[in-house]
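Chains as they are written, first to last, in this note's numbering: chain A, 1 to 406; chain B, 1 to 337. We put the CB at the ideal spot given by N, CA and C, even for glycine.
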Amino acid sequence: MSIFTEYKKEIMDAAHNERIRTALTRAIRTYRANINKALKKYPHTIKMAEEVKEIKEKSVNQMEKLVQEACEVIEDNKGKAYIAKTADEALKIIGNLVGKDKLIVKGKSMTGEEIGLREHLEELGNEVYETDTGEFIIQKLGSRPMHILAPAIHVPREDVAQLFSKLTGEELPPDDIGRLVATARKLLREKYFQADIGMSGANVVAADTGALFLIENEGNIRLATSAPPVHIALVGMEKLVPTFNDACKVAEVTWRYANYTIPQYVSVLSGPSATGDIEKVITYGAHGPREFHVIFMDDGRTKLAKHPILRQALYCLRCGGCLYECPVFAVTAGHFGDKYFAGIGAIWAAMISQNIEKAASMAYTCLTCGRCKVRCPMKIDTPAMIVELRKLIAEGDHLSQPDLAL
Amino acid sequence: MNKESRRLIPPGLSYLADNITSKDNLLGTSKGAGAKWAEDLRLPKEMETIFFAGCGYQYNSQLESLMSLIRKIDKSAISTERTMSLARFQKKLGVDAAGIYRRVMARGSNADAQPLRDAVKVLDSLGVKFGYLADEEPCCGGLLHYIGLHEEFAKHAQEVYNRLKSMGVKQIIGIIPSCTYTLRNLIPNSIDRHDLEVKHFCEVVAESISSLELRFPREVKVTYHDPCQLARYLGLIDEPRQILRAIKGIELVETEWTRGEWATCCGGGGGFEAVFPELSQILAVNRAKELVETGAEIIVTHCPGCIMQLKAGLKELKTNGVEVLDLTQILAMAMGV
Numbered sequence: 001m002s003i004f005t006e007y008k009k010e011i012m013d014a015a016h017n018e019r020i021r022t023a024l025t026r027a028i029r030t031y032r033a034n035i036n037k038a039l040k041k042y043p044h045t046i047k048m049a050e051e052v053k054e055i056k057e058k059s060v061n062q063m064e065k066l067v068q069e070a071c072e073v074i075e076d077n078k079g080k081a082y083i084a085k086t087a088d089e090a091l092k093i094i095g096n097l098v099g100k101d102k103l104i105v106k107g108k109s110m111t112g113e114e115i116g117l118r119e120h121l122e123e124l125g126n127e128v129y130e131t132d133t134g135e136f137i138i139q140k141l142g143s144r145p146m147h148i149l150a151p152a153i154h155v156p157r158e159d160v161a162q163l164f165s166k167l168t169g170e171e172l173p174p175d176d177i178g179r180l181v182a183t184a185r186k187l188l189r190e191k192y193f194q195a196d197i198g199m200s201g202a203n204v205v206a207a208d209t210g211a212l213f214l215i216e217n218e219g220n221i222r223l224a225t226s227a228p229p230v231h232i233a234l235v236g237m238e239k240l241v242p243t244f245n246d247a248c249k250v251a252e253v254t255w256r257y258a259n260y261t262i263p264q265y266v267s268v269l270s271g272p273s274a275t276g277d278i279e280k281v282i283t284y285g286a287h288g289p290r291e292f293h294v295i296f297m298d299d300g301r302t303k304l305a306k307h308p309i310l311r312q313a314l315y316c317l318r319c320g321g322c323l324y325e326c327p328v329f330a331v332t333a334g335h336f337g338d339k340y341f342a343g344i345g346a347i348w349a350a351m352i353s354q355n356i357e358k359a360a361s362m363a364y365t366c367l368t369c370g371r372c373k374v375r376c377p378m379k380i381d382t383p384a385m386i387v388e389l390r391k392l393i394a395e396g397d398h399l400s401q402p403d404l405a406l
Numbered sequence: 001m002n003k004e005s006r007r008l009i010p011p012g013l014s015y016l017a018d019n020i021t022s023k024d025n026l027l028g029t030s031k032g033a034g035a036k037w038a039e040d041l042r043l044p045k046e047m048e049t050i051f052f053a054g055c056g057y058q059y060n061s062q063l064e065s066l067m068s069l070i071r072k073i074d075k076s077a078i079s080t081e082r083t084m085s086l087a088r089f090q091k092k093l094g095v096d097a098a099g100i101y102r103r104v105m106a107r108g109s110n111a112d113a114q115p116l117r118d119a120v121k122v123l124d125s126l127g128v129k130f131g132y133l134a135d136e137e138p139c140c141g142g143l144l145h146y147i148g149l150h151e152e153f154a155k156h157a158q159e160v161y162n163r164l165k166s167m168g169v170k171q172i173i174g175i176i177p178s179c180t181y182t183l184r185n186l187i188p189n190s191i192d193r194h195d196l197e198v199k200h201f202c203e204v205v206a207e208s209i210s211s212l213e214l215r216f217p218r219e220v221k222v223t224y225h226d227p228c229q230l231a232r233y234l235g236l237i238d239e240p241r242q243i244l245r246a247i248k249g250i251e252l253v254e255t256e257w258t259r260g261e262w263a264t265c266c267g268g269g270g271g272f273e274a275v276f277p278e279l280s281q282i283l284a285v286n287r288a289k290e291l292v293e294t295g296a297e298i299i300v301t302h303c304p305g306c307i308m309q310l311k312a313g314l315k316e317l318k319t320n321g322v323e324v325l326d327l328t329q330i331l332a333m334a335m336g337v
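This is the structure:
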């Protein structure tokens with residue numbers, strides 16, 4: 001079957017799946033109620049989002065400069081920084097750092113998903129645990145995430161209970177969600193302390209201080225990035241902004257639109273743990289990790305930044321707000337997707353993953369209805385990007401070349 | 001045209017694109033067939049201001065036949081990996097597109113074009129002077145743009161512009177949201193000509209609404225569905241509501257989170273129904289459900305695509321006692337024209 005045919009079948013199967021629709025209907029209702037309440041309580045967010053858009057535009061123009069700056073600061077701070085031009089390079093760098101037979105605890109990362117990081121590390125002979133509850137469920141189900149922030153959005157509690165019962169050998173009732181969450185905690189608890197390596201992404205990075213911001217509610221990222229002796233972070237270059245102050249603004253707008261209102265945790269990490277408490281001798285590796293590695297990945301981003309229309313895809317904060325507004329996503333979830341989802345996901349599929357057939361299929365699944373743009377804090381014009389992408393697809397000789405139209 | 005890349009365009013869209021470029025209308029019918037609705041209205045051709053009817057309303061029942069054809073192409077495409085040309089599709093399927101249209105035309109019913117006839121009557125009674133190009137009205141070609149065929153769109157846009165200029169057109173009153181957006185934004189931007197003034201029907205009406213005495217024949221609860229292109233592309237959100245609120249007897253009830261710029265698409269956007277006919281239907285049902293939940297007896301909208309979708313959605317929902325009407329029909333009833 002061609003990719004389009006296969007994809008269309010997948011989309012239609014999803015659209016006929018009542019459970020996906022029920023889960024999504026609930027999620028959309030909750031999201032809208034929450035975001036409306038949050039914006040009422042913190043009305044400054046809307047103005048701040050405009051400011052953040054300017055910050056992102058400015059940053060995307062100078063990603064290469066920002067990444068140099070961030071790398072220098074991180075090294076000064078006794079961390080290690082790397083620049084990976086491609087996904088393969090990123091996998092190689094991380095593979096060399098990790099080696100094999102390691103136990104790894106991992107925070108959820110779309111950038112990791114983009115390059116198939118977990119699968120790669122497992123192939124190298126490592127044991128990898130996803131620690132985000134949703135991502136853990138997905139990993140154990142052998143499924144793939146269906147929303148950028150709520151990866152198990154399509155899995156009902158009954159399926160979770162069945163899965164966890166199998167993993168623990170206990171009979172877990174689906175109605176006791178508290179007990180299901182406690183089970184995930186119990187299953188993962190010791191792993192953090194046994195792990196050789198903790199891994200994460202980052203929501204935003206300040207170039208002036210090399211500070212990685214990580215937003216979460218569960219506390220798994222805190223544990224995964226501080227309990228093991230080594231922390232490795234994979235960061236897309238579009239996550240860089242010039243200053244710490246900029247990063248704070250980006251973080252707040254991200255979490256507000258990401259349905260957190262106030263996140264339970266925001267971690268800011270700038271280097272390996274250190275102490276000078278014994279005779280003022282600075283020693284690296286105190287209670288937290290003694291090694292801190294940050295891989296900044298390009299993987300098509302600097303090229304994408306040069307496209308006058310499609311570059312908007314790089315302003316995306318990955319709040320996931322648009323997905324709740326997409327009428328197609330509401331019945332298909334992440335089946336309308338590749339590594340990233342829905343309309344904007346088509347741009348990433350084409351320009352970052354270079355999966356043209358999949359990108360074309362997704363591009364023609366977009367209604368160009370434009371409601372995502374209304375929700376987007378960055379006002380990313382996804383319909384305009386989609387029409388541009390269709391143009392590249394329909395008229396392009398570019399398709400025979402790897403660098404689509406650039 | 002790079003054949004290799006056109007392979008990635010879904011067949012339903014490719015088919016529609018060919019209709020526009022070869023027959024100058026969405027349906028591939030013979031020229032002028034669509035202008036029948038206005039035959040007895042005696043609208044002049046040569047006027048500085050014209051009413052632009054577009055393809056959607058004129059061909060509504062034909063569109064339904066077309067959809068069934070597309071569904072067949074679509075289904076067959078899955079089994080044949082969509083490598084076949086349209087002609088071969090038709091031959092293989094035994095589908096005679098031209099025949100379908102001829103039969104529909106022969107019915108000679110103007111019921112589908114009622115919103116157009118009502119729009120003309122409303123404009124007339126507002127004292128607006130305008131003409132209609134009838135069989136010389138070009139297809140706006142907007143779909144070519146949305147499909148991604150921008151070179152063909154630019155060529156088509158130039159032809160549309162030339163035709164309108166050669167007929168002395170200076171102002172256009174559009175009625176279909178998508179055609180209006182194409183004439184107002186896409187064509188001028190594509191060929192860098194900005195000397196045609198384009199307004200949408202509801203703008204023209206809203207301008208003189210305060211001077212009108214409007215009363216609906218009965219007391220009724222209505223809800224309004226914003227077409228994507230009208231609300232989010234043309235930014236016309238208040239105008240239709242202003243009109244509805246000005247009509248005595250009408251109580252406007254709205255959805256909570258899905259109105260105005262937040263309106264949910266009916267599932268018929270940008271040629272989507274030609275690529276995913278079945279999914280399009282599912283989305284139509286979802287939207288119809290949101291609107292029915294307001295408790296309205298009439299769903300008012302202002303786009304032939306939305307009307308078709310919402311009607312199909314209601315049918316699927318088996319909702320009795322709710323009808324879908326165009327804003328032009330509501331207006332005509334309220335003005336008694």
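Is it right to say residue i is buried, meaning 16 or more other beta carbons lie within 10 angstroms of its own, or is it exposed?
i, result
"Glu81(B)", "At Glu81(B) the pLDDT is 42, less than 50, meaning the model places this residue with poor confidence; the figure from the coordinates comes in the next sentence. Exposed."
"Asn320(B)", "exposed"
"Ala305(A)", "buried"
"Thr283(A)", "exposed"
"Ala33(A)", "exposed"
"Val253(A)", "buried"
"Gln309(B)", "buried"
"His145(B)", "buried"
"His156(B)", "buried"
"Asn25(B)", "buried"
"Arg218(B)", "exposed"
"Ile46(A)", "exposed"
"Phe4(A)", "buried"
"Leu41(B)", "exposed"
Taking the straight line between their C-alpha atoms, what separation do you get for residue i and residue j?
i, j, result
"Lys56(A)", "Glu136(B)", "49 Å"
"Ile20(B)", "Val253(B)", "39 Å"
"Thr264(B)", "Val292(B)", "13 Å"
"Asp88(A)", "Ile115(A)", "8 Å"
"Thr83(B)", "Gly174(B)", "Bear in mind that a pLDDT of 40 at Thr83(B), under 50, signals an unreliable position, so the number given afterwards is only what the model happens to contain. Those two C-alpha atoms are separated by around 38 Å."
"Arg328(B)", "Gly270(B)", "As written in the sequence, residue 328(B) is Thr, which differs from the Arg given in the question. Whole-angstrom Cα-Cα distance: 23 Å."
"Thr111(A)", "Val324(B)", "46 Å"
Measuring CB to CB, does residue i end up less than 8 Å from residue j?
i, j, result
"Ile232(A)", "Ile197(A)", "yes"
"Ala409(A)", "Pro156(A)", "Shown here, chain A extends from 1 to 406; a query on residue 409(A) therefore has no answer."
"Gly267(B)", "Pro327(A)", "yes"
"Gly334(A)", "Tyr257(A)", "no"
"Ser109(A)", "Gly201(A)", "yes"
"Ala342(A)", "Ala349(A)", "no"
"Glu273(B)", "Arg232(B)", "no"
"Ser273(A)", "Gly285(A)", "yes"
"Tyr15(B)", "Pro304(B)", "no"
"Met378(A)", "Tyr315(A)", "yes"
"Glu316(B)", "Val285(B)", "yes"
"Ala206(A)", "Ala247(A)", "yes"
"Leu123(B)", "Phe51(B)", "yes"
"Ile282(B)", "Ala246(B)", "no"
*What are the uninterrupted segments assigned as alpha helix (DSSP H) that are 4 or more residues long and contained completely in the region 323-375 of chain A, given in chain order?*
329-332, 342-351, 356-363, 371-375
*asked:* Restricting to runs no shorter than 3 residues, where is the beta strand (DSSP E) found entirely within the region 199-258 of chain A?
replied: 204-206, 211-216, 230-236
_beta strand (DSSP E) runs wholly inside the region 163-216 of chain B, at least 3 long, in chain order_ = 171-174, 197-200
*Listed in chain order, which residues of the region 380-391 of chain A have Cβ atoms closer than 7 Å to some Cβ of chain B?*
Val387, Arg390, Lys391
*chain B contacts made by the region 10-25 of chain A, where a contact means CB separation under 8 Å*: For the region 10-25 of chain A, which is checked against every Cβ of chain B, the residues closer than 8 Å are Ile11, Met12, Ala15.
*Contained beta strand (DSSP E) runs [length at least 3] in the region 77-110 of chain A, N- to C-terminal order*: Qualifying beta strand (DSSP E) stretches, in chain order: 80-84, 103-106.
*Could you run through the region 218-236 of chain B and flag, in chain order, every residue whose CB is less than 8 Å away from some CB of chain A?*
Cys228, Arg232, Tyr233
*Whole alpha helix (DSSP H) runs in the region 280-325 of chain A with 4 or more residues, listed along the chain?*
301-304, 321-325
_Near-chain A residues of the region 137-154 of chain B - C-beta to any C-beta below 8 Å_ = His145, Tyr146, Ile147, Gly148, Leu149, His150, Glu151
_Interfacial residues, the region 249-263 of chain B to chain A, with Cβ spacing under 8 Å_ = Trp257, Glu261, Trp262, Ala263
*Positions along the region 272-294 of chain B whose CB lies within less than 8 Å of some CB in chain A*: Phe272, Val275, Phe276, Glu278, Leu279, Ile282, Leu283, Asn286, Arg287
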